[in-house]
C-alpha cells in the first residue's frame, strides 16, 4: 500500500514539474520579442550604450536558453 502511494506521488509531482517547466519556457519565449524591442527603443533613445544593449540581449538569450533546456530536460525525468 505504501509503495503504491509513493508511486502515485512520484507520478503526480513529475507531471506537475514538467508542466511548470513547459509554461515557464512558453512565457519566456513569448516575452522575448517585447524585451528585445524595449532594448532597441532604449538604444535608439540614447538611454543605453551599444555595449549595454549587447549585454542585455545576451542576458535575454541565456534566459531563454535556460528555460528551453529546463523544458527539454523535464521530458526525460
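Numbering (the working numbering), first residue to last: 1000 to 1076. Idealized CB from N, CA, C, for every residue including glycine. Computed from a prediction, not measured in an experiment: that's the story for all the values here.
- Approximately 6 Å separates the beta-carbon atoms of residue 1062 and residue 1027; this is inside 8 Å, confirming the contact.
- Apart from sequence neighbours up to five positions away, the residues of its chain that approach residue 1059 with a beta-carbon distance below 7 Å are 1031, 1034, 1035, ordered along the chain.
- In the DSSP annotation of this structure, the continuous segment of the alpha helix (DSSP H) that includes residue 1014 starts and ends at 1001–1044.
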